[in-house]
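Using my numbering, the first residue of the sequence shown is number 8, and each one after it goes up by one. Presented below is the structure to which this report refers.
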Amino acid sequence: AQTVSLDDRAALEAWVDGTMNAMLEAHHCAGAVVAIVRNGEVVLAKGWGYADLKTRKPVDPATTLFRIGSVSKLFVWTSVMQMIEQGKLDLNADVNTYLTDVKVPRAYGTPVTMKNLMTHAAGFEDQVIGLFSHDPRKIRPLGQILREEMPARVREPGVYASYSNHGTGLAMHVVEQISGEPWEQYLKAHILDPLVMKHTLLAQPLPAEQAGDMSKGYRFEGQAYEEKEFELVPLGPVGGISTTAPDMAAFMTAVLNHGEFRGARILKEESARIMQMPLHTMAPGINPQAYGMMDMSLPGLRIVGHGGDTIVFHTLFALMPEQKTGVFASFNTDTGALARDEFMEAFARRYFIPNRPERPTPPAGFAQRASKYTGSYRVNRFSHHSVARLAVAIPLNVTYDGRDALNISAFGKKRWIEVASNTFQEGDGPRRIIFIEDKDGKVNHFSPTEFGIMAFERNGPLDVPEIHYAALAATSVICLIALICWPVSAVVRWKHHVIRPREDLIPVWARMLGWIACASVPAFLIAFGVGVGDPINIAFGLSETLAIILWVPLLIGLLAIAMVLVSIGLWTDGRGSIWARIGYSLVTVALLVFMFQMYSWNVTSVQNYRFLYGA
């Protein structure tokens with residue numbers, strides 16, 4: 008197959024038009040914008056669909072503002088490179104050297120460096136609660152946010168990447184501390200103004216005079232679009248920027264032109280070249296992380312840049328340096344992530360990647376090696392200390408399909424076929440997955456080759472979600488049986504005039520205690536499900552309703568302790584029938600198992616109450 012030339016602008020526009028219209032229809036996106044630059048010129052800037060469905064206001068590629076999410080981070084990393092080239096920042100120094108108002112905790116005998124932050128390998132846990140907000144009071148100075156929300160260090164730095172918003176916020180705060188300028192002032196003076204990016208806005212909420220240019224954001228709910236509020240991002244430089252396609256075209260051109268745009272320079276040529284070079288990789292074959300830029304290369308085409316996602320906006324900033332080409336695309340609907348990814352792959356294959364790789368052939372004898380890779384995994388980007396840990400309660404299993412290939416539940420029904428040691432390729436496409444061996448030769452991690460900013464890690468025996476589901480189901484069944492059987496048996500005894508000696512009876516207060524404890528478990532599970540509602544809501548903080556609900560497990564914990572004491576007393580005093588004592592003991596064990604579940608998933612974590620009450 009032959010690629011198509013980008014130099015025919017009419018043909019390019021016709022193809023992009025057809026592709027984008029198809030993407031918007033297939034993925035139910037209200038509107039989108041695309042800018043393409045090549046050889047220092049804007050060859051296409053166009054909008055599709057609507058910026059406001061209610062008023063039928065179309066997307067204007069010149070003036071419509073889109074939220075670019077984590078593409079904002081590229082401005083942070085450009086700022087960091089400016090500090091490095093000025094000799095004010097050492098990539099390998101402890102970042103605490105530059106911080107006066109906040110400190111990264113000591114751990115693992117190794118400090119966190121700017122290199123670790125730039126490559127998302129600082130070892131921070133993820134903190135998603137409160138990442139977004141609708142409350143303007145949540146927009147605070149970076150230093151204050153980091154003092155209040157410094158993530159815990161949960162792994163050794165410099166080994167495995169795990170994408171970190173707070174890590175990037177920390178990097179921007181280092182620039183603030185070195186330069187003496189607030190991040191908004193710094194970005195405007197040293198990047199936006201030199202590139203004449205007049206429509207790139209850092210303020211949240213938007214100033215009144217620009218608010219009318221902002222595209223609405225939508226969620227597609229089956230049959231209709233639901234307009235959503237403007238998403239505030241307290242860590243502003245990490246994901247809160249609003250901008251236009253022409254402004255991002257200017258930034259793409261500057262990066263492709265090694266720091267220069269129309270006579271203005273934001274980086275020295277050497278610094279701009281270094282920024283696109285590999286800085287860290289988790290294993291050979293996995294795309295490296297550059298100096299803040301992601302290596303998003305596909306087989307046959309080098310791509311660097313960044314993706315950006317709010318809840319409803321999905322954005323792409325992709326540069327093909329060897330081809331001197333850049334693509335910016337942004338969609339204003341929550342369904343836009345797939346449209347963005349499919350558009351980029353279609354563009355790359357049409358213009359730069361002539362052939363798809365041959366389909367791999369399953370190797371002989373793989374059945375004997377499959378167990379090395381199979382098992383239960385989880386993404387390594389999650390909260391270790393808050394209820395948001397529930398994000399990794401979704402099973403992610405690597406299994407042997409019986410036909411010399413692996414299945415990975417997170418990636419659908421694709422077959423992954425071994426093509427080299429620890430390397431697997433999808434059976435019907437070019438993508439690959441690399442399994443990573445530890446120092447003992449055991450596979451505990453894997454990562455898609457184009458996904459070098461986080462890994463999937465093997466679950467420990469007590470972290471396998473299915474085990475927790477089974478335990479929770481058993482607990483719930485025991486509690487429900489007790490809820491029904493205890494009052495029914497009491498009614499039966501009363502109806503048939505069964506009278507027991509007082510010393511054989513379980514005290515009324517103990518029976519009521521058990522019944523209340525049993526009722527509390529299903530009541531909590533139902534209330535928790537209702538209180539959480541859409542799991543995405545947790546990104547906006549824990550609600551007041553959830554604040555009340557999260558006290559219930561603590562009450563159940565006290566009831567469980569009381570039940571343990573009562574159960575011991577029943578057996579030592581010989582109170583109740585043998586079946587009553589067994590039943591009471593089973594309920595007690597069920598409550599203890601339930602509390603272990605709550606502890607395991609951080610439902611009872613102290614950190615939840617810090618998010619709720621600011622303690």
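Even for Gly, the Cβ is constructed at its ideal location relative to N, Cα and C.
Burial state of Trp423 (16 or more Cβ within 10 Å): The residue is buried, with at least 16 neighbouring Cβ atoms inside 10 Å.
Proximity of Gly76 and Gly343 at Cβ, strictly below 8 Å: One thing to note: Gly76 has its Cβ no nearer than 8 Å to the Cβ of Gly343.
Option in Ala37, Arg438 and Val484 with minimal Cα separation from Phe227: Checking every option, the nearest Cα to that of Phe227 belongs to Ala37.
In chain order, each beta strand (DSSP E) run of at least 3 residues that lies wholly inside the region 248-280: Entirely contained in the region 248-280, not one beta strand (DSSP E) run reaches 3 residues.
Residue range of the unbroken beta strand (DSSP E) whose run includes His313: Per DSSP, His313 belongs to the beta strand (DSSP E) from Val311 to Asp316.
Same chain, Cβ closer than 7 Å to Ser222, neighbours up to 5 away in sequence not counted: Here the set comprises Gly38, Ala58, Val66, Thr71, Leu72, Phe73 and Asn339.
Euclidean distance between Cα positions of Pro112 and Ala252: Between the alpha carbons of Pro112 and Ala252 lies a distance of about 40 Å.
Assigned exposure category for Ile523 - 16 Cβ within 10 Å defines buried: It is exposed - the Cβ of Ile523 has fewer than 16 other Cβ atoms within 10 Å.
Endpoints, alpha helix (DSSP H) assigned at Pro212: From DSSP, Pro212 is part of no alpha helix (DSSP H); its letter is neither H nor E.
For Gly137, the first and last residue of its enclosing alpha helix (DSSP H): Note, Gly137: premise wrong, no alpha helix (DSSP H); not H, not E.
Per-residue burial, Ala622 [other beta carbons within 10 Å of its own, 16 or more giving buried]: No answer about Ala622 holds up, because its pLDDT of 49 lies below 50 and its placement is not dependable.
Cβ pair His475, Gln614 closer than 8 Å: No, they are not a contact pair.
Top-ranked residue by Cα proximity to Glu234, from Pro361, Thr85, Gly243 and Lys61: Nearest C-alpha to Glu234: Lys61.
DSSP-derived helix/strand/coil call for Gly38: Residue state, collapsed to three classes: strand.
Residue environment, Tyr606, which counts as buried when at least 16 other CB atoms sit within 10 Å: Per the 10 Å Cβ criterion, exposed.
Cβ-based burial, Ser169 [other Cβ within 10 Å; buried from 16]: Label assigned to Ser169: buried.
Distance, Val394 Cα to Pro158 Cα: Distance between the alpha carbons of Pro158 and Val394 is about 14 Å.
Where Ala622 sits in the DSSP three-state scheme: Summary for Ala622: the model assigns pLDDT 49, below 50, so the residue's position carries little reliability; its value from the coordinates is reported in the next sentence. When DSSP states are grouped into helix, strand and coil, Ala622 belongs to the coil group.
CB-CB length for Tyr407 against Ala374, believed under 8 Å: At roughly 7 Å, the Cβ-Cβ gap stays under 8 Å, so Tyr407 and Ala374 are in contact.
Rounded straight-line distance, which links the Cα of Ser574 to that of Pro3: Any property of residue 3 remains undetermined from this structure, which presents the chain solely from 8 to 622.
Residue of Trp22, Met30 and Ala17 minimising C-alpha distance to Glu349: That would be Met30, whose Cα lies nearest to the Cα of Glu349.
Ser169 (DSSP reduced to helix, strand or coil): Ser169: strand per DSSP, three-state reduction.
8 Å Cβ cutoff met for Val262 and Ala178: Against a cut-off of 8 Å, the Cβ pair of Ala178 and Val262 comes out as no contact.
Met570 versus Asn466 - alpha carbon distance: Approximately 32 Å, taken between the alpha carbons.
Through-space distance from Trp516 to Cys525, alpha-carbon basis: The straight-line gap from Cα to Cα measures roughly 14 Å.
Among Glu216, His197 and Glu236, nearest to Lys275 - alpha-carbon criterion: Scanning Glu216, His197 and Glu236 for the CA closest to the CA of Lys275 turns up His197.
Distance, Ala417 Cα to Pro468 Cα: Our two residues, Pro468 and Ala417, have alpha carbons roughly 20 Å apart in a direct line.
Cβ-based burial, Ser249 [other Cβ within 10 Å; buried from 16]: When all chains shown are included, Ser249 counts as buried.
CB of Ile136 within 8 Å of CB of Val334, strictly: Cβ distance not < 8 Å, so Ile136 and Val334 don't count as in contact.
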